[in-house]
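Have a look at the structure below before the remarks.
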Amino acid sequence: MDITRRRLLGQAGLLVAGGGLAGSALAQSRRPTRPMQIGPFYPVQQPADSDADLTRIAGRDGRAIGKIIEVSGRVMGRNGQPVPGARIEMWQANSVGRYAHKSDDAAPPLDPNFDGFARLVADKDGAYRFLTVEPGAYKAGSTWRAKHLHYLVDGDINRLITQMYFAGDPLLGQDRTLAQDLNQPVGGQFPPAIFGQSLGKRADGVERLGFDIILIDG
Ligand SMILES: [Fe+2]
Numbered sequence: 073m074d075i076t077r078r079r080l081l082g083q084a085g086l087l088v089a090g091g092g093l094a095g096s097a098l099a100q101s102r103r104p105t106r107p108m109q110i111g112p113f114y115p116v117q118q119p120a121d122s123d124a125d126l127t128r129i130a131g132r133d134g135r136a137i138g139k140i141i142e143v144s145g146r147v148m149g150r151n152g153q154p155v156p157g158a159r160i161e162m163w164q165a166n167s168v169g170r171y172a173h174k175s176d177d178a179a180p181p182l183d184p185n186f187d188g189f190a191r192l193v194a195d196k197d198g199a200y201r202f203l204t205v206e207p208g209a210y211k212a213g214s215t216w217r218a219k220h221l222h223y224l225v226d227g228d229i230n231r232l233i234t235q236m237y238f239a240g241d242p243l244l245g246q247d248r249t250l251a252q253d254l255n256q257p258v259g260g261q262f263p264p265a266i267f268g269q270s271l272g273k274r275a276d277g278v279e280r281l282g283f284d285i286i287l288i289d290g
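And the structure:
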């Protein structure tokens, strides 16, 4: 068995003496984060400023308009093993629901201090963190999309595209894209794992949200 395969199985708790699979390991596994559609506004032209503070753009004095939030979490495999060095891209609309993307011709204005894109690398524990503003809802065709962040995550052997939603958003119940991704009728029940989990507030009052990402194998 090569080293990579041994390491992956070892992290997943699947190696036992003699090299067989532990029968109970999968029973304890976490549910992988649900894949969702990439949507029309993935930043094909990625901005130069892609650091973990989306509320400021390098070389500019201003700050993004909107409610500042800190989002953090861990990238893990199904058994909770960290995925160190996982690569995370996050993109989103600004606080009034407009993407800095050439295909978004919606009426709400761009924010010159917000380009809505981060590229991060998870640390040795699979942890990541960024500071941004809560996105605005936006119109998609004749209906509204609830507030969400888009993620693209590359682990060692898995790639996941998903979206994080905001609990209590009144537009959740009419978001057709979300319903499609959940394979359920519009306005159905929502699995808790699609939401950023409240982690309280920082000393400076910034709201903290947790969003762990579970890959199938890491
Ligand atoms: Fe979107």
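Each residue of the sequence shown is one higher than the one before, counting from 73 in our numbering. We put the beta carbon where it would ideally sit given N, CA and C, even for glycine. A quick note: this is a predicted structure, and the numbers were derived from the prediction, not measured.
- Checking the 6 Å criterion, the Cβ of Gly-138 is out of range of every heavy atom belonging to ligand 1.
- Beta-carbon to beta-carbon, Pro-154 and Arg-170 are separated by about 35 Å, too far to satisfy the 8 Å threshold.
- When Leu-221, Asp-125, Asp-187 and Arg-146 are compared, the shortest CA-CA separation from Phe-267 is found for Leu-221.
- The alpha carbon of Ala-158 has as its nearest neighbour, out of Met-236, Phe-283, Leu-192 and Ala-251, the alpha carbon of Leu-192.
- A distance of 7 Å or more separates the beta carbons of Ile-233 and Leu-243.
- For Gly-208, the shortest separation between its Cβ and any heavy atom of ligand 1 does not lie below 6 Å.
- The three-state reading of DSSP puts Gly-245 in helix, counting H, G and I together.
- Counting along the chain, Tyr-237 sits inside the beta strand (DSSP E) bounded by residues 231-237.
- In this chain, Met-108 is not harboured by any beta strand (DSSP E), its DSSP state being neither H nor E.
- A Cβ-Cβ contact shorter than 7 Å links Ala-209 with Ala-218.
- Counting along the chain, Thr-204 sits inside the beta strand (DSSP E) bounded by residues 199-205.
- Collapsing the DSSP output to three states places Leu-254 in a helix.
- In this structure Pro-119 is in contact with Phe-189, their Cβ atoms being roughly 5 Å apart against a cut-off of 8 Å.
- Fewer than three Cβ pairs drawn from the stretch 252-262 and the stretch 130-140 lie within less than 8 Å of each other, which leaves the two stretches out of contact.
- Under the three-state reduction of DSSP, Ala-275 is assigned to coil, being neither helix nor strand.
- For Pro-207, same chain residues with a beta-carbon under 6 Å away, outside a window of 5 residues either side, are Gln-164, Ala-165 and Lys-219 in chain order.
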